[in-house]
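Asker:
There are 2 protein chains.
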Amino acid sequence: MRTSTPMRTSIATVSLSGSLTEKLTAASRAGFDGVEIFENDLLASPLTPEEIRARCADLGLSIDLYQPMRDIEAVPEDEFKRNLRRARHKFELMRRLGADTVLVCSSVHPLAEDNDALAAHHLRQLAALAQDFGIRVAYEALAWGRHVSTYDHAWRIVEAADHPALGTCLDSFHILARGSDPKGIEDIPGEKIFFLQLADAPLMAMDVLQWSRHYRCFPGQGGFDVAGLVKHVFAAGYDGPLSLEVFNDVFRQAEAGPTAVDAHRSLLVLQESAGLAALPEPVVPTGVAFAELVTPDADPVGALLRALGFARTARHRSKPVDLWQQGEARVLVNTGPAARRDGTQLAAIGLESPDPAGAARRAESLLAPVLPRRRAPEDVALEAVAAPDGTELFFCATDRPELTSWTHDFEPLDHREPARHVHRVDHLALTQPWHQFDEAALFHRTVLGLSTCDSVDVADPYGLFRSRPVTNADGSVRIALSVGPAPTDDTVRAQHIAFTTDDVVAAARAFRAAGGRLLAVPTNYYDDLAARFEFADGELETYRELGILYDRDADGDFRHCYTETVGRVFFELVQRDGGYSGYGAQNAPVRLAAQHVGRPPR
Amino acid sequence: MRTSTPMRTSIATVSLSGSLTEKLTAASRAGFDGVEIFENDLLASPLTPEEIRARCADLGLSIDLYQPMRDIEAVPEDEFKRNLRRARHKFELMRRLGADTVLVCSSVHPLAEDNDALAAHHLRQLAALAQDFGIRVAYEALAWGRHVSTYDHAWRIVEAADHPALGTCLDSFHILARGSDPKGIEDIPGEKIFFLQLADAPLMAMDVLQWSRHYRCFPGQGGFDVAGLVKHVFAAGYDGPLSLEVFNDVFRQAEAGPTAVDAHRSLLVLQESAGLAALPEPVVPTGVAFAELVTPDADPVGALLRALGFARTARHRSKPVDLWQQGEARVLVNTGPAARRDGTQLAAIGLESPDPAGAARRAESLLAPVLPRRRAPEDVALEAVAAPDGTELFFCATDRPELTSWTHDFEPLDHREPARHVHRVDHLALTQPWHQFDEAALFHRTVLGLSTCDSVDVADPYGLFRSRPVTNADGSVRIALSVGPAPTDDTVRAQHIAFTTDDVVAAARAFRAAGGRLLAVPTNYYDDLAARFEFADGELETYRELGILYDRDADGDFRHCYTETVGRVFFELVQRDGGYSGYGAQNAPVRLAAQHVGRPPR
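Residue numbers (the numbering used here), protein chains in the order written: chain E, 5 to 606; chain H, 5 to 606.
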């Protein structure tokens, strides 16, 4: 098994949005070595096969597969004759295109016979024709093939046909969706595995054809053990490319460029997981050093932070950035140029990293966009990359002797002491662009080494959100990624910062006393709490008075409340007791509805 | 079985988008008699139970059900004690709300026992408590209930519990999704059926909980025989409301008002189908009398029509509307005020109706918005309603002696003769607003009496469209409803008018000779046709030269080509031979891609 030279990577054009030209450009820019040309993309393209060949060559892409050819084998003889005629046309096309392998899917033709000998006989004839054109035929079992639906069945037919230009194509979706054991792949001679197509998918109990056509995703985004399968394929001696073939309703709409990068990232991680390539080790962040807000007007955010007990403790030496601090919770308020464009939003997160340079190497190896360092010569050199939603992630150290602290760029201010209501950032909640939710989860898991939790549905009055937290092991870094019901303007993608407190009641009272306004929670919610839980005397009345929400699970209790919103941003105070590790998802519909009160729907 | 007085109708608030107030208002305006209050909607509302009660009273809505209460029965004793405590709170709430029936779903609690006697014992205790509050408990089998998942099982437990305040709730989704035979409902005494919840769903092989939570739809929009089930329920003697409970990801985002109207329409049709109420008979249209375009500038559309062989044959007596005609194909070009607002679009369809007044009565009885008649005193009185996408539908007659012809409003122009390339409208293709696709299909089927065909996926380069044609029996009225991959601005929802020709080659040549430009189709498409079909000498070259697309099925052949687009509108020439009844869906991706060439993606 290889461990050093990276595998060749390829992607089927159907996996990306746009015209064929846009797809090819995106695949090349993202670093793929080759492509599978999906027939419909070619048909719809104004480029001739020769022009496509030249375009691919210019872009440094090989054409690894032409696909698909359907309903070829085990059909009545006159039908098969027509199929050979059709195949000859396609082989001529492939010669013009410079593609030397064609995918043949197991037949779904209503007249196809359940007759392996006939199937082998037909495929052998097809292969003989292909050989005349210097073409190889890769026969694949569709999970919903009429008579051939498993990879070992397809291989038996290929073996029986026994032609040098005929081999098999393995597709992780078709194999894993059927629940087949991929171990048997090792019984296939490597040189007879002509191609390997990879796709993951969320585990869903649904019709396999619909599942395949609409919900495939990149390896690592779903629930299949794609890496395990890949190991078996390479153990068998396969030496072709790792190629992605993903049919996904969302990717079809998303910009091809970012999707291609995400796709390529998934293959890099897959190679790492399968032990086929080594990447710089993940460096898991150990805390949130800071959250940075950009705002055109520092006053409303400053007023909220002050009421929460923060003090403005320092100012950046060379930029219009203030540091607000309370305990280990740090918020940067940046009134630089970006703010004037985008309004108040969370623009960056400082992640406490045991090895900032190593974290950046990991990120860079996984195609995270490395951010240019806009800094004055005397500023600390900070390593930063962009997350899929554009949030800047800084890998940094705060007051650790062995590393330069990012705080050196800040000049302490003469200030009053912060309060001690909150002590650190509990979590950051970021609504993701609609087309990038799966990508965001893969990014945070693989680039940052965080763990992804299960996705949960959350009902907003105007549509269903999904939320998927990513965390490190001790919960000192938690990011709740969520996505709204439909693509929307960036300016309404809400973001919030939750601060940890030991006493949410005291913190809420102090906030109010300092002039802060907490989100009003309906009385009905408290009547429901009374029905569901028993509280100490007066406890519920306090929550009701302040707008504190409550949840309890087998591990512990969760109390939380919300400030008003500035721009896209609001704050949350959270008190975790016992081992409660959730985010109060049960309460989210009430919170979302309360935030709509007095605001028009999106 | 009742056949004259309509049933009472109700809708669960969870079926509609928005705040509780918005939901109640929409339900009332759409004509519902009552609502089910979904607990989460109450919890999230700033209104007190008393205020909700008053609001419902003001709106003329009864509160027919409070729901849901979960995981009550067959649980360990200490858990059940907590459940009774919770129930007492909820019964107090219901008293304030004025709701007298509560829904209890069969338990999914991990500790619930498979013990019908215990379940009955617990439900009896719950019912006894409920009775003290004047409340009835309706016990329902969830399709995914831990031990109780079928309606007959739930009924056996209710029967065993034998308490006057305990009955069963039937839910068409839970019954039909499980594949249960609804005939057994007739064995349940009608007075013990406390409630009936109705939902349909598309037939999908998927996890039943996910299916239920995301894909339910209104009766008639899916694949279940909801009317058949309803007949059994009324045969059993049920006399409560017909109530809709629909969890649907799209309806959650759609405006509550139109969704509520669509919902109520579905119940009216359901009553008709189940023989519970009589509506005016459907009057199926027998042809397309005209298609009306509004445009701020009549020249580009006029130039296209002229090149297609149409002649401007008449002008409206009182409005800036020209009639363009060729054979039985008639296009009105309206440069009135609407055009200046919305650009060039298809605004109205004239449907040839055997009984325009009857068609309008049918439409009105099914809540179709009747359009005000903006006409001069001497104009023909035309009956018109609005389709869900806003298209105006006129029920009219063209030159039939027994009825006044709409053409009487037009003054013939001194003109040259139209050509004879096309003779009638083959079909109209209308992209629907994203949130109204299911509604549009139900509307066209029930209001107009058209048949809905299966929905097909069509790949645009930038996302997947779905298309669902509706037709009358002889195909003289065909409307292809489609929907794009995501909600979008109305101005990009494409529309087209297809004209029937006996000789698409001649028609296309004439169009070109008259200066018209046909959509350019990639050469690769024709290479594929050559691979798939055998053509007469020169035939394919002609298609390639003109941009004619081709399809063949078991019934016949289809040849078609497209003009350029003006505003949202383009035209198609279609030649059907043999019994081909489709729309060339196979060619749609090529056409869509060609239409994007030179245009930026949406």
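Positions of the beta carbon are idealized from the N, C-alpha and C atoms, including for glycine. All values derive from a computational prediction rather than experimental measurement.
Keeping to the same chain, check which residues put their C-beta closer than 8 Å to that of E:L355; ignore five residues upstream and five downstream.
Answerer: Numbered from 1 along the first sequence, position 351 holds the residue referred to as residue 355 of chain E. These residues qualify, in order along the chain: P289, G291, V292, A293, A363, L397, F398, F399, C400, L452 and V481.
Asker: Take every Cβ of the stretch 254-262 of chain H, pair it with every Cβ of the stretch 292-306 of chain H, and state whether three or more of those distances are shorter than 8 Å.
Answerer: The stretch 254-262 of chain H, when compared against the stretch 292-306 of chain H, does not touch it at the 8 Å Cβ threshold.
Asker: Does DSSP put E:Q329 in a helix, in a strand, or in coil?
Answerer: If you number the first sequence from 1, residue 329 of chain E lands on position 325. Here E:Q329 sits in strand by DSSP.
Asker: List, from N- to C-terminal side, the beta strand (DSSP E) runs of 3 residues or more that fit wholly inside the stretch 141-224 of chain H.
Answerer: Runs found: 170-175 and 197-202.
Asker: Please compile the residues from chain E whose C-beta is within a distance smaller than 8 Å of the C-beta of H:R449.
Answerer: Along the second sequence, read from residue 1 onward, the residue named residue 449 of chain H stands at position 445. The premise fails here: H:R449 is roughly 24 Å from chain E at the closest Cβ pair, so nothing lies under 8 Å.
Asker: Can you find a C-beta in chain H that's less than 8 Å from the C-beta of E:P604?
Answerer: Mapped onto the first sequence, residue 604 of chain E falls at position 600. Its pLDDT being 48, under 50, E:P604 is placed unreliably by the model, and the measurement read from it follows with that caveat. Not one chain H Cβ lies under 8 Å of E:P604.
Asker: What does H:S153 reach in chain E if we use C-beta pairs closer than 9 Å?
Answerer: Your numbering for residue 153 of chain H matches position 149 in the second sequence. Those within 9 Å of H:S153 in chain E number zero; the least Cβ separation is about 15 Å.
Asker: Determine the contact status of E:G245 and E:S32, defining contact as a CB-CB distance below 8 Å.
Answerer: Numbered from its first residue, the first sequence carries residue 245 of chain E at position 241. Numbered from its first residue, the first sequence carries residue 32 of chain E at position 28. The question names Gly, but residue 245 of chain E in the sequence shown is Pro. Against a cut-off of 8 Å, the Cβ pair of E:S32 and E:P245 comes out as no contact.
Asker: CA-CA distance, E:F469 and H:D532?
Answerer: Working through the first sequence from its first residue, we reach residue 469 of chain E at position 465. Working through the second sequence from its first residue, we reach residue 532 of chain H at position 528. Spanning the two alpha carbons is a distance of roughly 43 Å.
Asker: Can you tell me which residues form a DSSP beta bridge with H:R486?
Answerer: Taking the first residue of the second sequence as 1, we reach residue 486 of chain H at position 482. Here the sequence assigns Ser to residue 486 of chain H, which means Arg is not the residue at that position. BP columns for H:S486 point to H:T435 and H:S471.
Asker: Taking the continuous beta strand (DSSP E) assigned at E:D557, which residues delimit it?
Answerer: Working through the first sequence from its first residue, we reach residue 557 of chain E at position 553. Counting along the chain, E:D557 falls outside any beta strand (DSSP E), and DSSP gives it neither H nor E.
Asker: To the nearest angstrom, report how far apart H:L46 and E:N528 are at their CA atoms.
Answerer: In the second sequence, residue 46 of chain H corresponds to position 42, counting from 1. In the first sequence, residue 528 of chain E corresponds to position 524, counting from 1. Roughly 7 Å separates the two Cα atoms.
Asker: Let me know the beta strand (DSSP E) ranges lying completely inside the stretch 486-548 of chain E, each 3 residues or longer, listed in chain order.
Answerer: Fully enclosed beta strand (DSSP E) runs of 3 or longer: 499-505.
Asker: Measure the alpha-carbon distance for E:A4 versus E:V18 and round it to whole angstroms.
Answerer: Since the displayed chain E opens at 5 and closes at 606, residue 4 of chain E lies outside it and no answer follows.
Asker: What does DSSP give as the partner residues of E:R316 in its beta bridges?
Answerer: Mapped onto the first sequence, residue 316 of chain E falls at position 312. Answer is E:W328, bridged to E:R316.
Asker: Can you list the alpha helix (DSSP H) stretches of 4 or more residues lying completely in the stretch 16-69 of chain H, in chain order?
Answerer: Qualifying alpha helix (DSSP H) stretches, in chain order: 24-33, 43-47 and 53-62.
Asker: Is there a C-beta anywhere in chain H that falls below 8 Å from the one on E:Q71?
Answerer: Position 67 of the first sequence, counting from 1, holds the residue named residue 71 of chain E. Cβ-Cβ to chain H under 8 Å: no for E:Q71.
Asker: Using Cβ-Cβ distances below 8 Å, what residues of the stretch 126-152 of chain E are close to chain H?
Answerer: Cβ contacts with chain H come from no residue of the stretch 126-152 of chain E.
Asker: At the level of alpha carbons, what is the spacing between H:W215 and E:A342?
Answerer: Counting from one through the second sequence, the residue named residue 215 of chain H turns up at place 211. Counting from one through the first sequence, the residue named residue 342 of chain E turns up at place 338. Cα-Cα distance, rounded: 44 Å.
Asker: Between the stretch 516-532 of chain H and chain E, which residues of the former have CB atoms less than 7 Å from a CB of the latter, in chain order?
Answerer: Going along the stretch 516-532 of chain H in chain order, one finds P526, T527, N528, Y529, D531 and D532 with a Cβ nearer than 7 Å to chain E.
Asker: So with CB distances below 7 Å, who are the chain E contacts of H:S257?
Answerer: Taking the second sequence and counting its residues from 1, the one referred to as residue 257 of chain H is at position 253. The sequence given here places Gln at residue 257 of chain H; Ser does not occur at that position. What H:Q257 touches in chain E: Y466, G467, P489 and A490.
Asker: Residues bridged to E:F575 by DSSP?
Answerer: Counting from 1 along the first sequence, the entry for residue 575 of chain E is found at position 571. Bridge partners of E:F575: E:I501.
Asker: Consult DSSP for H:N338 and reduce its assignment to one of helix, strand or coil.
Answerer: Here residue 338 of chain H refers to the residue found at position 334 when the second sequence is read from its first residue. In the structure shown, H:N338 sits in a strand (DSSP, three-state: E or B).
Asker: Ignoring anything shorter than 3 residues or poking outside the stretch 402-471 of chain H, list the beta strand (DSSP E) runs there in chain order.
Answerer: Counting only runs of 3 or more, we get 414-416, 426-435 and 460-464.
Asker: Looking only at C-alpha atoms, which of H:V234, H:A239, H:T435 and H:D166 sits nearest to H:S247?
Answerer: As a position in the second sequence, residue 247 of chain H is number 243, starting the count at 1. Residue H:V234 is the option with its Cα nearest to H:S247.
Asker: Which residues does DSSP list as the beta-bridge partners of E:D561?
Answerer: To locate residue 561 of chain E, count along the first sequence from 1; it is residue 557. E:D561 is bridged to E:R556 and E:D581.
Asker: If you drop the 5 nearest sequence neighbours on each side, which residues of the same chain put their C-beta closer than 6 Å to that of H:L440?
Answerer: Numbered from its first residue, the second sequence carries residue 440 of chain H at position 436. It is Gln, not Leu, that sits at residue 440 of chain H in the sequence shown. Hits under 6 Å: P392.
Asker: Counting C-beta neighbours from all protein chains within 10 Å, is the total for E:P465 16 or more, i.e. buried, or is it exposed?
Answerer: Working through the first sequence from its first residue, we reach residue 465 of chain E at position 461. Buried: at least 16 other Cβ atoms inside 10 Å.
Asker: What residues match up with H:V389 in a beta bridge as DSSP calls it?
Answerer: Numbered from 1 along the second sequence, position 385 holds the residue referred to as residue 389 of chain H. Paired residues: H:V374 and H:L397.
Asker: Where E:L24 and E:A592 are concerned, what is the direct C-alpha to C-alpha distance, given to the nearest angstrom?
Answerer: Numbered from 1 along the first sequence, position 20 holds the residue referred to as residue 24 of chain E. Numbered from 1 along the first sequence, position 588 holds the residue referred to as residue 592 of chain E. Roughly 42 Å between the two C-alpha positions.
Asker: Could you name the residues of the same chain whose beta carbon sits closer than 8 Å to that of E:P489, not counting the 5 residues immediately before and after it, in chain order?
Answerer: Working through the first sequence from its first residue, we reach residue 489 of chain E at position 485. D464, Y466, G467, L468 and F469, listed in sequence order.
Asker: Does the beta carbon of H:S21 come closer than 8 Å to any beta carbon on chain E?
Answerer: Locating residue 21 of chain H in the second sequence gives position 17, where the first residue counts as 1. Judged by the 8 Å Cβ criterion, H:S21 is in contact with chain E.
Asker: Please determine, among H:V230, H:A511, H:A510 and H:H448, the residue with the shortest C-alpha to C-alpha distance to H:S486.
Answerer: For this step, residue 486 of chain H is matched to residue 482 along the second sequence. When only C-alpha atoms are compared, the closest one is H:H448.
Asker: Could you check how far apart the C-beta atoms of H:T567 and H:L522 are, in whole angstroms? I think they sit under 8 Å.
Answerer: Position 563 of the second sequence holds residue 567 of chain H. Position 518 of the second sequence holds residue 522 of chain H. So it is a contact: roughly 6 Å between Cβ atoms.
Asker: For a test of the three-state rule: what should DSSP assign to E:S111, helix, strand or coil?
Answerer: Residue mapping note: residue 111 of chain E aligns to position 107 of the first sequence, counting from 1. Looking at E:S111 - three-state DSSP - the assignment turns out to be coil, as it is neither helix nor strand.
Asker: Can you list the residues of chain E that H:M98 reaches, using a CB-CB cut of under 9 Å?
Answerer: In the second sequence, counting from the first residue as 1, residue 98 of chain H sits at position 94. By Cβ distance, chain E contributes nothing, its closest Cβ being about 11 Å from H:M98, past 9 Å.
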